[in-house]
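As structure tokens, the structure follows; a few thoughts come after it.
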Ligand SMILES: [Ca+2]
Ligand SMILES: [Ca+2]
Ligand SMILES: [Ca+2]
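In the numbering used here, the protein residues as written are 44 to 440.
As structure tokens, this is what we get:
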């Protein structure tokens, strides 16, 4: 018995020595004899929390599950990929304390978006736009929490609503038209000198520039006032641009109050109303009509960022390069008649609308963000990006 014990004892000791030696080697040396550190055994945790409210709506939790997380170490450039579990936690071990660049992504499934917003929106993602770099340190910071937000797809400045048809019960009253834009980025956008151009349907003249490979053709070009940073639009804010910034209910009881509009289209060479409290849009070119005018049932509006000097004269029109266009929306009384479209498919693949004259309806982008941040659908496909409003929502959603 004693002898057996002694053997057991010595075997145990040699195993212990062996394992300590191997542990030391494993921890302090690799094949290239470069130093390793003991923290390689620490399990780091990346915890993804959801700011969008999507996960709360779907799964009753603020954690983001099934998200892919990529880490890139600052010091060595090594990259790792992990996925969050059902608690929104991604565990990773065998890495060094370092500063890491993190790209976390949760692709939303169309069927999930259907539950959230009623629309089977594709290409919606939650991403870690607010926190990209984290310090992982075995001693102090083995777990980090990273907020996830809805990624802004498409343009950061979008046309959020168009009201064009005119109100009910007021004859042929149509001076209450407006276009509304929305900042869905995370930063301030300056509206100064931004261009708003109207594209009319000319198909009755046998003209259609839809297939022009590079330019929108417009006879109605206006810009926002300001020369640099005078008209900031904060993230999540709307800017309302009214044909006439007055309370139209004085003339048409079912119309809208646009007296608090942010901007007003004032045509200085025409008998037009000018609300002195509302800054005027600047007319660059519009040779016809007594006011800014958009088609009641069909037409198109683009917003573009380019210098007026870059406009190209072409007959009685100006050309705006597609590359300068931030957003464009076409609308038609019958949006299924795609063959009659006037905007190139690269700007708007289809059309909003389905609204007849003097019905008081507007078309507004569908909201897909429900949490801290409003996000409006923008897949450059207005048939599915827009809905019809029974009553306009000037300056709000
Ligand atoms: Ca006006
Ligand atoms: Ca004014
Ligand atoms: Ca609105």
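Where a beta carbon is used, it is the ideal one built from N, C-alpha and C, also for glycine.
Source: prediction; values computed, not measured.
Beta-carbon proximity list for residue i, same chain, < 7 Å, skipping 5 on both sides
i: residue 347; result: 238, 240, 363, 367, 368 and 369
i: residue 178; result: 142 and 184
i: residue 431; result: 397, 398, 404 and 406
i: residue 67; result: Residue confidence for residue 67 is low, a pLDDT of 38 falling below 50, so the modelled location carries little weight and cannot support an answer.
i: residue 277; result: 226 and 231
i: residue 75; result: Here residue 75 scores only 48 on pLDDT, less than 50, and its place in the model is too uncertain to base an answer on.
Distance cut-off 6 Å: residue i Cβ against heavy atoms of ligand 2
i: residue 333; result: no
i: residue 274; result: no
i: residue 323; result: yes
i: residue 305; result: no
i: residue 318; result: yes
Member of the options whose CA lies at the smallest distance from the CA of residue i
i: residue 350; options: 96, 226, 267 and 203; result: 267
i: residue 152; options: 131, 114, 110 and 145; result: 110
i: residue 436; options: 128, 206 and 157; result: 206
i: residue 135; options: 282, 297 and 87; result: 87
i: residue 163; options: 170, 182 and 155; result: 155
i: residue 358; options: 343, 180 and 328; result: 328
i: residue 102; options: 243, 123, 117 and 129; result: 129
i: residue 422; options: 371, 228 and 336; result: 371
i: residue 181; options: 223, 85 and 118; result: 85
i: residue 440; options: 326, 223, 274 and 126; result: 223
i: residue 229; options: 216, 259 and 193; result: 193
i: residue 172; options: 148, 157, 380 and 315; result: 148
Residue i CB to nearest heavy atom of ligand 1 below 6 Å
i: residue 309; result: yes
i: residue 286; result: yes
i: residue 290; result: no
i: residue 93; result: no
i: residue 254; result: no
i: residue 315; result: yes
Residues that DSSP places opposite residue i in a beta bridge
i: residue 229; result: For residue 229, which the question treats as bridged, DSSP gives no partner whatsoever.
i: residue 371; result: 345
i: residue 323; result: 307
i: residue 98; result: Residue 98 is not bridged to any residue.
i: residue 429; result: 408
i: residue 365; result: Paired residue(s): none; residue 365 is not in a bridge.
i: residue 284; result: 222 and 306
i: residue 111; result: 126 and 148
i: residue 87; result: 135
i: residue 291; result: According to DSSP, which records beta bridges pairwise, residue 291 is partnered with nothing at all.
i: residue 184; result: 180
Sub-7 Å separation of residue i and residue j beta-carbons
i: residue 133; j: residue 189; result: no
i: residue 408; j: residue 428; result: yes
i: residue 308; j: residue 322; result: no
i: residue 225; j: residue 203; result: yes
i: residue 221; j: residue 285; result: yes
i: residue 83; j: residue 120; result: no
i: residue 334; j: residue 310; result: yes
i: residue 93; j: residue 107; result: yes
i: residue 279; j: residue 417; result: yes
i: residue 115; j: residue 144; result: yes
i: residue 320; j: residue 301; result: no
i: residue 324; j: residue 265; result: yes
i: residue 291; j: residue 235; result: no
i: residue 216; j: residue 294; result: yes
i: residue 233; j: residue 272; result: yes
8 Å Cβ shell around residue i - same chain, five flanking residues per side excluded
i: residue 399; result: 208, 340 and 376
i: residue 64; result: Because residue 64 sits at a pLDDT of 39, beneath the cut-off of 50, its placement in the model cannot be relied upon, and the following sentence gives the value as read from the coordinates. So no residue of the chain qualifies.
i: residue 297; result: 210, 211, 212, 213 and 403
i: residue 314; result: 333
Own chain, CB closer than 6 Å to residue i, minus 5 neighbours either side, in chain order
i: residue 104; result: 98
i: residue 256; result: none
i: residue 424; result: 392 and 393
i: residue 160; result: 411
i: residue 434; result: none
i: residue 72; result: Per-residue confidence for residue 72 stands at a pLDDT of 41, beneath the threshold of 50, marking its modelled position as unreliable; the derived number appears in the next sentence. So no residue of the chain qualifies.
Heavy atom of ligand 3 within 6 Å of residue i beta-carbon
i: residue 433; result: no
i: residue 373; result: no
i: residue 366; result: no
i: residue 104; result: no
i: residue 280; result: no
i: residue 211; result: no
i: residue 122; result: no
i: residue 223; result: yes
Test: residue i CB closer than 7 Å to a CB of chain D
i: residue 372; result: The chain labelled as chain D is not found in the depicted structure, where only one protein chain is given.
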